[in-house]
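Asks: There's a structure below that I have some questions on.
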Amino acid sequence: MQLLGYAAETTIAEKAVTILERGITSTRWRDYVDIVQLCRHGFNPHELRRSAEAVARYRGVALEPVSPHLKGYGAIEQAKWAAWRRKERLEEVCEAQLNDQVTLVARFIDPVFTSTPSD
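Residue 10 is where the sequence shown starts when you use the numbering used here, and the numbers rise one by one after that.
Right under this line is the structure:
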């Protein structure tokens, strides 16, 4: 059996550019969990940058750090985040505090999105 799928870098890029588009209006919390889980398994930063550039260009989004787009997100959405984590049974997989989860996402994504653009 052959199983086809996307490279982790492509999936991370799609989710991270969506964060740039939606900022604190997003309720796509699974993206914050997925990004951290995928990044913890390892990724090629150059390939992630290349994929993110392509996604951002296609969507007409400036590629920049995600952290400024998420300021205050935890204060606004913490109760909903906590309820979602419980409902989805993800307490062991992600951070209890949304601000902590967002910080992890930014720690992985921001250095790549602020690196020198690829050719």
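Using N, Cα and C, we set each Cβ at its ideal position, and we do this for glycine too.
Here the structure is a predicted model, which means the values were calculated and not measured.
Hey, Leu79 and Ala61 are a contact pair by Cβ (cut 8 Å); roughly how many whole angstroms apart?
Replies: In the sequence shown, residue 79 corresponds to position 70, counting from 1. In the sequence shown, residue 61 corresponds to position 52, counting from 1. The pair is not a contact, with the Cβ atoms about 16 Å apart (cut-off 8 Å).
Asks: With a 10 Å radius around its C-beta and 16 neighbouring C-beta atoms as the bar for buried, classify Asp128 as buried or exposed.
Replies: The residue given as residue 128 occupies position 119 in the sequence shown. A caution first: Asp128 carries a pLDDT of 45, below 50, which makes its placement in the model unreliable, though a value can still be read off. Exposed, by the Cβ-count rule.
Asks: Scan the segment 23–89 and note each continuous alpha helix (DSSP H) run of 4 residues or more that stays entirely inside, going in chain order.
Replies: 38–49, 54–68
Asks: Would you mind sorting Arg94 into buried or exposed? The rule is 16 or more other CB atoms within 10 Å of its CB.
Replies: Translated into positions along the sequence shown, residue 94 becomes position 85. Buried, by the Cβ-count rule.
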